[in-house]
Each structure stands twice: as C-alpha cells, then as structure tokens.
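Residue numbers (this note's numbering): 3 to 645. Ideal placement from N, C-alpha and C gives every residue a C-beta, glycine not left out. The block underneath contains the structure these notes are about, expressed in structure tokens.
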Amino acid sequence: MKDVDKKNEGEELGVMARRRFMNSAALAGLSIGAIACTDKAATGAAGPAASSAAVAHGGGGGAVHLKPGELDTYYGLWSGGHTGDMRVLGLPSGREITRIPCFVPDALVGWGITNESKKVMGTKADGSLKYTVADTHHTHASYKDGNYDGRYAWINDKINSRIARIRLDYFVCDKITELPNVQGFHGIFPDKADPVDPKINYTTRVFCGAEFSIPLPNTVGTEDGTKYHSLFTCVDAESMEVRWQVLIDGNCDLTATSYDGKLAATNQYNTEMGVHYEDMMSAERDACLFFNIARIEEAVKAGKFKTYGDSKVPVVDGTRESNKDAKTALTAYVSVPKNPHGVNASPDAKYFICAGKLSPTGTVIELAKVLEYFEGKLESPDKAIVAEVELGLGPLHTAFDGRGNAYTTLFLDSQVVKWNVEAAIKFHAGDKSAKYVVDRLDVQYQPGHLNASQSETRAADGKILAVGCKFSKDRFLPVGPLHPENEQLIDISGEKMVLLADHPVRGEPHDFIIFKRDLLKPKQVYALDDFPLAIKDPKETGVFRNGKKVTVKITSQAPAFSLREFKLKKGDEVTLILTNLDKIEDLTHGFAIPKYNVNFIVNPLETASVSFIADKPGVFWCYCTHFCHALHLEMRTRMIVEA
Ligand code: CUK
Ligand code: CUA
Ligand code: CA
C-alpha cells in the first residue's frame, strides 16, 4: 500500500490550496488526470501487498467470499445508470441479487409491457410509453429516527426529470412523477423529520435539485444565462405529488437534508449562470444553497407564490435578491470554492460537507450556524463555514464512518482520502499541528461516488466502504471499447483503509446506499386482493367478448394455464389478464406471445394484464417463460386468431 501522502499536511497548505485551484485550464486538467492514472496502473498501486493485507485483516466488512448458502450482512441499493433501474446487491460479497426496473422497459418482469407497469411509467395517448430511456444517478431510502425504515427508496432520471419510488416490501417501483418546468433533475434526498412537528420523525418529503437552468417559460430568444432558471422541488413522499418548488439563482447539483428536518441544501457549480462551460467555471467560488423548509411552507400557505405554464405547483422566490433579510429569508447562499460537487450530511447531524471538485478542498458547514443566520444572529451565511481544508485533487463525494471521519473521493488523484472532521475544524481555526488527513488509498481509477455502510444515517457503522470508480482500465478482461466500471470494496473498520475487492458493473451507476439487512422485511408472496383484476378461481377464466373488445382471463398453476387454448378474431382489441394462483414462495410463471411482442411474469398470487390488437391471424403458442416445474416446457396455451 502506498505511504500516506504528507504533502497536504504541511503549513504551506493554505498557499498550496490557492495555487492548486483550477483555472480555466481545468478541462485540460481533467484529461491529464485520466492519463496520469494509466501510469499508476503500471505501478500497480494496490498490488499483491494490499490483497494479502485484506485477507489478513478479517475485521469490519469481514470476508468478501461467502460460503455457499451464506447470506450477506448488508443490502446495497445501486443506481442502474443508463439501464434506468435500481440494482440490489448483497454486501460484502458484491453479488448482484436483482434489478428493479423503474424508468425503462424490462423483458424479464414485463416492465413497460403490462398495463399495470405502463400506468406507473406513463403513456402517450396511443398507449405507448411516454419515454423509453433514462439516466439514473441517485438513490436514497426513507428514514425514521435518523435511520432507514425500509418503507421506500427513490431514484432519479436525469434525462426526463422523473423521480421513481420503490416499495421496499415488494422491491417494485410503484410510482413515477415527472417534475414540471425543470431539466437535468440530478440530486435527490428524502427529509428525515418534519421541521415543525416533532412527532413526525420520519420521511414525508423528497427534495429534488434541477441541474440545468432553462428559460421559464421554455422559449427560444435569449442567450443570456441569467435569464435562465432552475427550480428546487419538494415531492410528497406518500402521494408522490409535487408539493412546491423554489426559484433560485444558479443551479442545483447534489442534495442533502438535516436530521431535524429544518434544512435542505444543494451545491451549486454554476452561480455564474453561464450557458457555456468556460462561464460556469469563471468564478473562484460558487455556493452551497440552504433552504429553510418551514419558512418555504409558510410562504406557500400564505399564497406568496407564482405558477409557471400548465403547472399548478406553487413556486416561491428563493433568489438572492429577494432573500437578503436573514430573518425572513427562505434561502441562504453559503460561498464555497469553485464548482463544488457532492454535499453530504455527517451522521452526528452537525455538518454538511461540500467537496470542491475544481478546488482541492472540502468545506465543512455547521448547521447550527446556518440556523443562527436565519435567526439574524450571524452577519453572513459564510460564517457557518467551520473548515475549508485541502484534501487532494478533484474531490467529489463524501461518506462517513460514525467515528468522526469523512472519506472523500479524489477523482483526479484516483484516491480516497480519510480525514477527521473535528481535526480539520481545528486546523482551519489556526491549529496547524492538527493532522486531519488520516489515510489515503489509491483506487482503480477515478472515483466518483462512494458510500460506507449506513453512512448517511445516525447508525453509520464504519465497516465497509464501496467506491464507484469511473474507469476500470486494466482491472478486468477487456470486452471491447466499453469498459465496465469498477465498484471497489474497502474495509474501513481500522485506522488504515484496506482494499478488499473489485467488482465490474455495467455503466453507469453513480450513487448507491448500503444498509443492514435486518432493516428490510421483504414479502415473498402477494395478496390476491392487492390486484383489482385478480381472478380468484380457474372456473372464472375464459374468453369474454363485447363486440371487438375481448377480455381473456387465465390463471396459472404449475404446470398448466387454466385455458388450453383461446380463440380470437383478427382485429380484436384484446386485454389478457393472468393471475398466478400458485401461492408458494419462488413459484413464478411467465407468459410470452410469439410475434406479439408480449412477455411478462406473474409472481405468486400476482395478477398482471396486457392489451394488444389481434392483428396477425394464425396459431400462436403462448408459453411460460420462467422455469417453474418439470413440465415447464409443456406449460403452454394456444392463442388461435381467426382471419
Ligand atoms: S453525480 Cu455521478 S459521480 Cu450524478 Cu452523483 Cu457525482
Ligand atoms: Cu410455469 Cu414455467
Ligand atoms: Ca462555477
């Protein structure tokens, strides 16, 4: 393992930090970083020494190789990136257990094919899906008492500004909401309590930041970026309806929420409000924008809002100009260095940390001081900054171990830096002997997100850390030009970080969370009554005709469908309903219709339906697509379409 880098711990730190701020050559800097890491690959920074240390280490995350039949200690919920789904991993093994489709059709489960899933995804007037691509980045779960409560998870789609909710009892997406009047919906974070009612100590809101500013209304005509706007959106965690939005200056990137429910924040990299990247990085400092949730909701209640276009969502004014008086302000813009990236809440509930990205620094903002600012007791919100220390090049995201340490990814340095937050605060206050950097570990390569077990909860346990490396280069067998990404697992239970494992993943997950397995109690069999179309008895099945409209009702029980064949006429508008009457755990059937582009599954006691026009005459063997029985291959029925 590489020695701890001493260069950031000297007294000349402050000077270096300023000198190493990236200027307008930063873009060149990014590509230089990528080349530099090829050299590191050759030297094998985490070579055999690291692996044998990992084997010997034993603590924390424990063995990454579980014995057959052994279960993982943690669930990981991973964003699926371009596949528009959520991936469920077991950790520390890193095994992918399932994928939950959200924004994009999925042939395994029939997502985007059944009427039920299409309703969640949203359709056009002709019944086809409104969108078929997505780009998910961030996934977070609902809280109670500062820890995950196993009710819901949420995930964003950056392309089409949609937020999806996943029910964690069945591991299915049950609602998708498209946010009005925004583009590039990026950061997402559930609240952890209500700002006013102490009885509500659980998630009732989800905050969504829009990264791209757009003209409002979105019409062509101005090149002046200061006329473009971004909105910060609050979605109701239960109804999934948009509650309110805040008009802001600059943009939103990532999002964080406080444990008391009073504050949410988003980091901003485009306070310049530029429309070209040179403009977006012209200023030396940008901001971390705080939202006073209680005041925003009072303003909405008092009718102090506008609406935009067709949207009825109330939009309050959070711009700098309208929020100069701290005592009534809805927002506070805390100045942080150049194009910051993530903002993360420490598990002791005291701080938000912004990573510098184009500045080699981490900025620690004390939440109690932000609240003091809103009470008029602090002359500037910038006074809430209690540390701004150099960490290394290209800091992006920060995780925590619950023992006072933060772990920040350094994209350009290809490292994770472990640093002590209280020591950094001392250093910032003038105690230059405070050694805040605890350890550095080379990762392979160019890390973006990272997260530790239970990191963003009060129950952060400091056992394992996963790091999403954007480049895998030489770490896996080559598979053509598109390399997988490398999710690395690190043991953080000791003073030194120890690299435990590499796992290839298909691009590009970005973000994930890791939590204890006993926080989830998934159900494995549905209740028949959960589905309004459920067919409760095979005797109720058959073909029911009303002119051209035909309903086909079928049930499945291994190894047969209730109908051996069913007859249709060419041109029929068919809705086929299938209930799986098998009530045994893990007994799933599928239903595929050749040439009709239909394939879906029904889990135990689940009902699903598909609608199609019987436009091709002939005999079509509908077959079970999920191996269920020794007679699985024989589990078929004939769809006979008469000309
Ligand atoms: S962003 Cu991807 S590495 Cu979309 Cu969360 Cu930072
Ligand atoms: Cu039923 Cu295979
Ligand atoms: Ca900027």
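Could you check if A632 is buried or exposed, using at least 16 other CB atoms within 10 Å of its CB as the buried criterion? exposed
Would the beta-carbon of C626 be found less than 6 Å away from any heavy atom of ligand 2? yes
Would you mind stating whether T543 and L565 have Cβ atoms separated by less than 7 Å? yes
For T577 and A331, the rounded distance between their alpha carbons: 54 Å
Cβ-heavy atom distance, M637 to ligand 2, below 6 Å: yes
Rounded separation between L29 and M282 - CA only: Only weak support is given to the placement of L29: the predicted model assigns it a pLDDT of 41, under 50, and the value that follows is read from those uncertain coordinates. Between L29 and M282, the C-alpha separation is close to 12 Å.
Host alpha helix (DSSP H) of I537 (start-end): Unbroken run through I537: none, as it is neither H nor E.
Going by C-alpha to C-alpha distance, which of R101, H591, A425, P339 sits closest to P561? H591
H634: CB within 6 Å of a non-hydrogen atom of ligand 2: yes
Mind checking H278: buried by the 16 CB within 10 Å criterion, or exposed? exposed
Which first and last residues belong to the beta strand (DSSP E) in which N582 is found? 575 to 582
Compare the beta carbon distance of I190 and M88 with 7 Å and say whether it is the shorter of the two. no
Any heavy atom of ligand 1 within a distance shorter than 6 Å of the CB on D513? yes
Would you kindly work out how many angstroms separate the C-alpha atoms of L380 and S435, rounded to a whole number? 29 Å
Short check: CB of D574 to CB of P606, under 7 Å? no
Cα separation between D520 and N407? 25 Å
Regarding Y646 and ligand 3, is the C-beta to nearest heavy atom distance less than 6 Å? In the structure as shown, the chain starts at 3 and stops at 645, and residue 646 therefore has no counterpart that could be examined.
Tell me, which residues are paired with G92 by DSSP? Y77, R97
Using alpha carbons as the reference points, say which of A594, N269, K523, G509 lies closest to G358. N269
Go ahead and pull the three-state DSSP assignment for I115. coil
Measure how close the beta-carbons of I537 and T609 come, nearest whole angstrom, since I'm counting them as under 8 Å. 7 Å
Please list the terminal residues of the continuous beta strand (DSSP E) segment that includes L502. 500 to 507
Strand pairing of I603, partner residues [DSSP]: G592
Distance check for R153 and P362, CA to CA, integer angstroms please. 38 Å
Between the alpha carbons of A47 and L484, how many angstroms are there, rounded? Summary for A47: the model assigns pLDDT 39, below 50, so the residue's position carries little reliability, and this model does not support an answer.
Does DSSP put A436 in a helix, in a strand, or in coil? coil
Is the beta carbon of C254 within less than 6 Å of some heavy atom of ligand 2? no
Please determine whether the Cβ atom of H430 lies at a distance below 6 Å from any heavy atom of ligand 1. no
At which residues does the beta strand (DSSP E) containing A351 begin and terminate? Looking at the DSSP string, A351 is not in any beta strand (DSSP E), and its letter there is neither H nor E.
When we look at the beta-carbon of G62 and count the other beta-carbons within 10 Å, is it buried (16 or more) or exposed? Here G62 scores only 48 on pLDDT, less than 50, and its place in the model should not be relied on; the value that follows carries that caveat. Looking at its Cβ environment, which holds 16 or more other Cβ atoms inside 10 Å, G62 is buried.
Could you say which of I216, F563, D196, A267 lies nearest to R207 if we only look at CA atoms? D196
Is it true that the segment 239 to 251 meets the segment 310 to 321, where meeting means three or more beta-carbon pairs spaced less than 8 Å apart? yes
Should H591 be counted as a contact of ligand 2 given a C-beta to heavy atom distance under 6 Å? yes
Does the segment 461 to 476 come close enough to the segment 432 to 451 to have 3 or more Cβ pairs within less than 8 Å? yes
Residue interval of the alpha helix (DSSP H) (run including L373): 369 to 376
Once the 5 residues before and after P349 are set aside, which same chain residues still bring their CB inside 6 Å of it? F402, G404, R460, A462
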